[in-house]
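Engineer:
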């Protein structure tokens with residue numbers, strides 16, 4: 123690929139393959155696509171990028187990320203590859219020795235396949251770290267094992283729901299410990315982590331990130347810092363969401379920071395791996411529990427009502443079917459009060475929405491709601507022999523993440539990673555949505571690609587009616603290191619490298635940046 127800089131605002135990407143057509147060109151001006159056609163008919167532009175036949179697509183949108191935690195995971199302790207309790211402890215010992223100061227942060231351990239048959243306890247951690255604070259998140263990031271020193275930094279934690287004397291924390295106790303752990307990270311570290319996440323996203327062809335912040339995930343200062351970096355420095359755009367109920371000040375944060383919505387990771391339940399997702403029937407491997415709803419329905423009704431009246435998009439973290447049903451009950455109440463048109467205009471969204479039946483799907487479609495989903499969850503834990511089958515039993519596990527049912531009913535999908543829970547990997551997410559572990563639930567290739575690009579714009583209420591690669595659409599484009607057509611890449615399950623990323627028509631990654 124060659125590039126000639128004319129020093130002006132307009133940019134022409136020429137001799138590219140768009141969709142399944144070679145020899146095309148795209149002109150971007152003022153951050154928008156101004157012209158699209160055959161390269162031989164291309165207008166003159168101030169800046170030229172010669173694509174040499176490479177595939178040009180809309181940039182990806184990762185519709186669910188946690189930028190600071192993702193960046194910190196690259197420099198912290200990664201336990202995803204630990205194959206045993208002993209392996210995880212050994213990795214912690216090595217990391218603690220190489221990081222002699224500050225709080226120890228780790229993520230990714232998963233005890234379901236460990237031969238010891240149990241996860242980390244604080245006694246395992248204390249034996250390695252001594253009196254240092256340590257926070258080691260389970261792979262789903264909805265529970266964690268912490269050291270005694272970190273527990274001592276959170277007064278009253280023993281009285282919170284989800285506390286365990288062995289240091290394996292869930293629910294409110296986990297959220298409190300996570301706040302303490304990440305609160306010990308200074309502004310310089312946070313900024314470096316956020317920049318690392320944006321740089322990694324740009325290298326993957328991701329032009330937009332939906333940051334799912336909230337008081338139980340990251341503070342408003344963390345979010346404000348990320349938005350300031352995104353506004354001042356080249357890289358993927360960041361659309362911020364704040365997961366806090368309106369009656370607790372959530373809408374004030376949305377207004378003050380100019381956010382995209384009030385919700386995202388507003389935790390109505392937890393996760394299947396931690397047995398905290400709220401189910402209508404008990405867990406198969408722990409029949410004494412069905413998880414837990416975190417809010418009463420009246421509070422959710424008030425939140426949806428306040429957001430709808432303000433014209434603000436509400437969002438909810440819901441994984442178990444009981445949590446999905448509770449939120450839809452709340453939305454239905456507001457539909458009756460304020461009318462269908464008012465609710466549809468807000469395009470309220472559900473995050474994860476892994477256990478959703480036919481009746482719930484119909485309501486989502488009828489009320490104009492968005493399903494923000496993570497196909498990598500199914501790839502990692504779905505099917506008839508994965509962690510979901512262990513937690514739910516095979517029948518319920520095979521019914522999780524019914525992407526095809528959602529799309530066929532007219533529910534818009536947006537694909538995300540929930541990084542650092544699973545890595546940012548947009549092509550991998552597309553392929554996982556197609557190659558679903560329950561084949562009937564998989565998407566058609568172009569539907570999956572659309573959900574990973576246009577779906578993110580629709581979820582943020584910012585899409586162009588004709589789609590992201592049309593005249594008037596956003597100048598967020600990715601040029602890939604392949605001359606194959608999009609159909610061939612999707613059929614071949616390829617992951618081509620990103621040669622050039624444009625955001626608002628400006629190069630932010632690749633040789634032209």
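In our numbering, the protein residues as written are 123 to 635.
In this text, a Cβ means the ideal position worked out from N, Cα and C, and glycines have one as well.
(1) Given 8 Å as the limit, is there contact between the segment 146-153 and the segment 286-296, that is, 3 or more CB pairs closer than that?
(2) With DSSP as the reference, label residue 351 as helix, strand or coil.
(3) Measuring CB to CB, does residue 531 end up less than 7 Å from residue 481?
(4) Quick check: what's the CA-CA separation for residue 202 versus residue 419?
(5) Looking at the unbroken beta strand (DSSP E) that takes in residue 474, where does it start and where does it end?
(6) Is the CB of residue 408 under 7 Å away from at least one CB in chain C?
(7) Figure out for me which residue from 243, 224, 195 has the closest Cα to the Cα of residue 233.
(8) Can residue 494 and residue 524 be called in contact, C-beta distance under 7 Å?
(9) My guess is that residue 187 and residue 538 are in contact by the Cβ rule of under 8 Å, so how many angstroms apart are they, rounded?
(10) When the Cα atoms are used, what is the spatial distance from residue 410 to residue 404?
(11) Return helix, strand or coil for residue 422, following the three-state DSSP convention.
(12) Tell me the DSSP secondary structure of residue 265 in three-state form.
(13) Should residue 204 go down as buried or exposed, given a rule of 16 or more other Cβ atoms within 10 Å for buried?
(14) In whole angstroms, what separates the C-alpha of residue 416 from that of residue 451?
(15) Tell me whether residue 187 sits in a helix, a strand or coil according to DSSP, three-state version.
(16) Determine the direct distance from the alpha carbon of residue 164 to that of residue 334, and round the result to whole angstroms.
(17) Within this structure, are the beta carbons of residue 497 and residue 555 separated by less than 7 Å?
(18) Any contact between the segment 603-620 and the segment 587-594? By contact I mean 3 or more CB pairs, one from each, below 8 Å.
(19) Enumerated in chain order, which unbroken segments of the alpha helix (DSSP H) with a length of 4 residues or greater are wholly contained in the segment 154-221?
(20) In terms of residue numbering, what span does the alpha helix (DSSP H) encompassing residue 528 cover?
(21) Quick one: Cα of residue 156 to Cα of residue 548, how far?
(22) If you pair each beta-carbon of the segment 316-330 with each one of the segment 347-366, do three or more pairs fall below 8 Å?
(23) To the nearest angstrom, how far is it from the Cα of residue 160 to the Cα of residue 377?
(24) Would you mind giving the Cβ-Cβ distance between residue 303 and residue 257, rounded to the nearest angstrom? I have them listed as a contact below 8 Å.
(25) So, with DSSP's three-state summary, where would you put residue 430?
(26) Grab the span of the alpha helix (DSSP H) containing residue 509 for me, first residue to last.
(27) Could you check which residue in 597, 490, 259, 591 has the C-alpha nearest to that of residue 529?
(28) Kindly indicate the opening and closing residues of the alpha helix (DSSP H) around residue 248.
(29) Determine contact between the segment 378-388 and the segment 248-268, defined as no fewer than three beta-carbon pairs at a distance below 8 Å.
(30) Note down, in chain order, each residue of its chain lying with its Cβ closer than 6 Å to the Cβ of residue 229, except the 5 sequence neighbours on either side.
(31) Pick helix, strand or coil for residue 598, following the three-state DSSP scheme.
(32) Just verifying my parser: in three-state terms, what is the DSSP assignment at residue 399?
(33) Can you tell me whether residue 540 is buried or exposed? The criterion is at least 16 other CB atoms within 10 Å of its CB, across all chains shown.
(34) Taking only three categories from DSSP, how would you classify residue 150?
(35) Specify the secondary structure class of residue 584 as computed by DSSP and reduced to three states.
(36) Going by DSSP, which residues form a beta bridge with residue 439?
Structural biologist: So, to answer that:
(1) no
(2) helix
(3) no
(4) 36 Å
(5) 471-474
(6) The structure shown contains no chain C; it is built from a single protein chain.
(7) 243
(8) no
(9) 7 Å
(10) 7 Å
(11) helix
(12) strand
(13) buried
(14) 15 Å
(15) strand
(16) 40 Å
(17) yes
(18) no
(19) 189-197, 207-220
(20) 525-530
(21) 26 Å
(22) yes
(23) 44 Å
(24) 4 Å
(25) helix
(26) 509-514
(27) 490
(28) 244-251
(29) no
(30) 195, 259, 542
(31) coil
(32) coil
(33) buried
(34) strand
(35) coil
(36) 389, 473
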